[in-house]
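**Q** Dropping the structure in here first, questions after.
Protein chains: 2
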Amino acid sequence: MKKEKKYNLRVRLWVEETNGIFLGLGRVILLENIGKTGSITNAAKEMKMSYRQAWQFVEDMNKHANVPLVEKMLGGKNGGGARLTEAGERAVKSYYTLESKIRKFADKETAKIKF
Amino acid sequence: MKKEKKYNLRVRLWVEETNGIFLGLGRVILLENIGKTGSITNAAKEMKMSYRQAWQFVEDMNKHANVPLVEKMLGGKNGGGARLTEAGERAVKSYYTLESKIRKFADKETAKIKF
Numbered sequence: 000m001k002k003e004k005k006y007n008l009r010v011r012l013w014v015e016e017t018n019g020i021f022l023g024l025g026r027v028i029l030l031e032n033i034g035k036t037g038s039i040t041n042a043a044k045e046m047k048m049s050y051r052q053a054w055q056f057v058e059d060m061n062k063h064a065n066v067p068l069v070e071k072m073l074g075g076k077n078g079g080g081a082r083l084t085e086a087g088e089r090a091v092k093s094y095y096t097l098e099s100k101i102r103k104f105a106d107k108e109t110a111k112i113k114f
Numbered sequence: 000m001k002k003e004k005k006y007n008l009r010v011r012l013w014v015e016e017t018n019g020i021f022l023g024l025g026r027v028i029l030l031e032n033i034g035k036t037g038s039i040t041n042a043a044k045e046m047k048m049s050y051r052q053a054w055q056f057v058e059d060m061n062k063h064a065n066v067p068l069v070e071k072m073l074g075g076k077n078g079g080g081a082r083l084t085e086a087g088e089r090a091v092k093s094y095y096t097l098e099s100k101i102r103k104f105a106d107k108e109t110a111k112i113k114f
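If you read the sequences in order, they're chains A and B. Residue 6 in numbering that gives the first Met the number 0 sits at position 7 of the first sequence, and the numbers go up by one each step. Residue 76 in numbering that gives the first Met the number 0 sits at position 77 of the second sequence, and the numbers go up by one each step.
As structure tokens, this is what we get:
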């Protein structure tokens with residue numbers, strides 16, 4: 000008798016504001032790296048993202064947020080640092096909470112289905 | 000006072016078997032088009048997919064399914080037709096059911112979150 004195949008559901012999430020993407024997994028990891036390294040330059044290096052792309056993502060997230068997620072500090076060597084605001088910390092947590100809830104729900108529903 | 004921004008969660012789903020992707024939105028639409036047009040060639044045209052890509056997807060879905068989703072009929076003009084098996088019909092329905100349940104759940108959870 001043939002063995003029944005096993006299926007897994009994969010889920011990808013992103014949060015959109017009216018005028019474009021606000022948060023996705025890449026942006027959330029960028030935020031975490033900014034929190035960890037204290038700079039956009041180092042955060043980008045950490046994930047092999049170009050500085051230009053990282054800067055663009057930060058601008059974009061700040062624009063789409065109710066309150067900026069990243070605070071840039073000017074001056075100092077390395078061209079100044081950056082840090083997450085409270086809203087930034089919260090956005091990271093909210094994204095992962097949402098992701099984990101949806102993943103759990105999705106797994107439960109997938110288990111009920113016979114493909 | 001600044002107006003609070005509105006956020007929507009976007010979700011993309013795909014089903015994997017142990018050795019690769021089984022079903023995603025593009026493949027499900029391809030299945031529907033095969034059901035509608037009775038041929039892989041016409042189904043591919045309908046969605047501006049190359050015949051080669053469509054054929055590949057069909058082979059791949061059949062390989063990862065417990066029972067083939069598409070039955071190819073040889074001969075006749077236009078190089079024979081194709082039709083969905085019962086398992087193929089079921090796969091389309093199951094994918095959309097799963098998607099709609101997860102979307103509803105995701106919207107509900109997103110509404111609870113303050114970004």
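Here a beta-carbon is modelled for each residue, glycine too, at the ideal position from N, C-alpha and C.
Going by DSSP, what residue range makes up the beta strand (DSSP E) through B:Asn7?
**A** Sequence index remark: in the second sequence, residue 7 of chain B carries index 8 (1-based). Where B:Asn7 is concerned, the enclosing beta strand (DSSP E) stretches over Tyr6 to Glu16.
**Q** Kindly indicate the opening and closing residues of the beta strand (DSSP E) around A:Val69.
**A** Within the first sequence, residue 69 of chain A is the residue found at index 70, counting from 1. Note, A:Val69: beta strand (DSSP E), Val69 to Lys71.
**Q** Using a Cβ-Cβ cutoff of less than 6 angstroms, which residues in the same chain neighbour B:Gly34 once the five nearest sequence positions on both sides are dropped?
**A** Along the second sequence, one-based indexing puts residue 34 of chain B at 35. Excluding residues within five positions, the ones whose Cβ falls inside 6 angstroms are Leu83.
**Q** List the DSSP bridge partners of A:Leu147.
**A** Since the displayed chain A opens at 0 and closes at 114, residue 147 of chain A lies outside it and no answer follows.
**Q** Within its chain, find whatever has a CB closer than 6 angstroms to the CB of A:Val14; leave out the 5 residues flanking it on each side and keep chain order.
**A** Mapped onto the first sequence, residue 14 of chain A falls at position 15. Excluding positions up to five away in sequence, the list reads Phe21 and Leu22.
**Q** Suppose contacts are defined by Cβ-Cβ distances below 8 angstroms. Is B:Ala110 in contact with A:Ile101 by that definition?
**A** Reading the second sequence from its first residue, position 111 is the one you call residue 110 of chain B. Reading the first sequence from its first residue, position 102 is the one you call residue 101 of chain A. No, the pair does not count as a contact, with Cβ atoms beyond the cut-off.
**Q** To which residues of the same chain is B:Glu31 closer than 7 angstroms at the C-beta, ignoring the five residues directly before and after it?
**A** By one-based count along the second sequence, residue 31 of chain B stands at place 32. If we look at B:Glu31 and ignore the five residues flanking it on each side, its Cβ neighbours are Val91.
**Q** Can you tell me which of B:Tyr95, B:Glu58, B:Leu73 and B:Leu68 puts its alpha carbon nearest to the alpha carbon of B:Glu85?
**A** The residue labelled residue 85 of chain B in the question sits at position 86 within the second sequence. Nearest option by C-alpha distance: B:Leu68.
**Q** So the beta strand (DSSP E) B:Phe21 belongs to, where does it begin and stop?
**A** Residue numbering aside, residue 21 of chain B sits at position 22 when the second sequence is read from its first letter. Gly19 to Gly23 is the extent of the beta strand (DSSP E) around B:Phe21.
**Q** Take every Cβ of the region 5-12 of chain B, pair it with every Cβ of the region 5-14 of chain A, and state whether three or more of those distances are shorter than 8 angstroms.
**A** Contact holds: three or more Cβ-Cβ distances are below 8 angstroms.
**Q** Would A:Val66 be called buried (16 or more neighbouring beta carbons within 10 Å of its own) or exposed?
**A** In the first sequence, the residue the question calls residue 66 of chain A occupies position 67. Exposed.
**Q** Where do the N-terminal and C-terminal ends of the alpha helix (DSSP H) with A:Met48 fall, by residue?
**A** Along the first sequence, one-based indexing puts residue 48 of chain A at 49. Counting along the chain, A:Met48 falls outside any alpha helix (DSSP H), and DSSP gives it neither H nor E.
**Q** Quick check: what's the CA-CA separation for A:Leu73 versus A:Gly79?
**A** As a working note, residue 73 of chain A is residue 74 in the first sequence. As a working note, residue 79 of chain A is residue 80 in the first sequence. One C-alpha to the other measures close to 5 angstroms.
**Q** Excluding five sequence neighbours on each side, which residues of the same chain lie with their C-beta closer than 8 angstroms to the C-beta of B:Ser49?
**A** On the second sequence, residue 49 of chain B is found 50 positions in, with the first residue counted as 1. Cβ neighbours of B:Ser49 beyond the five flanking positions: Ala43.
**Q** Buried or exposed for B:Gly19, going by 16 or more other Cβ atoms inside 10 Å?
**A** Position 20 of the second sequence, counted from the start, is the residue given in the question as residue 19 of chain B. Result: exposed.
**Q** If you draw a straight line from the alpha carbon of A:Thr17 to that of B:Lys2, how long is it in whole angstroms?
**A** As a working mapping, residue 17 of chain A is identified with position 18 in the first sequence. As a working mapping, residue 2 of chain B is identified with position 3 in the second sequence. Whole-angstrom Cα-Cα distance: 13 angstroms.
**Q** Identify the contact partners of B:Ser93 in chain A, using a Cβ-Cβ distance below 7 angstroms as the criterion.
**A** Locating residue 93 of chain B in the second sequence gives position 94, where the first residue counts as 1. Neighbours of B:Ser93 on chain A, chain order: Ile112 and Phe114.
**Q** Would you identify the three-state DSSP class for B:Ile101, choosing helix, strand or coil?
**A** Position 102 of the second sequence, counting from 1, holds the residue named residue 101 of chain B. It is helical.
**Q** Which of the three DSSP states is assigned to A:Ser38 in this structure?
**A** Taking the first sequence and counting its residues from 1, the one referred to as residue 38 of chain A is at position 39. Three-state result, A:Ser38: coil.
**Q** From A:Ser38 to A:Ser93, what does the alpha carbon distance come to, in whole angstroms?
**A** Against the first sequence, residue 38 of chain A aligns to sequence position 39. Against the first sequence, residue 93 of chain A aligns to sequence position 94. If you take the alpha carbons of A:Ser38 and A:Ser93, they lie about 22 angstroms apart.
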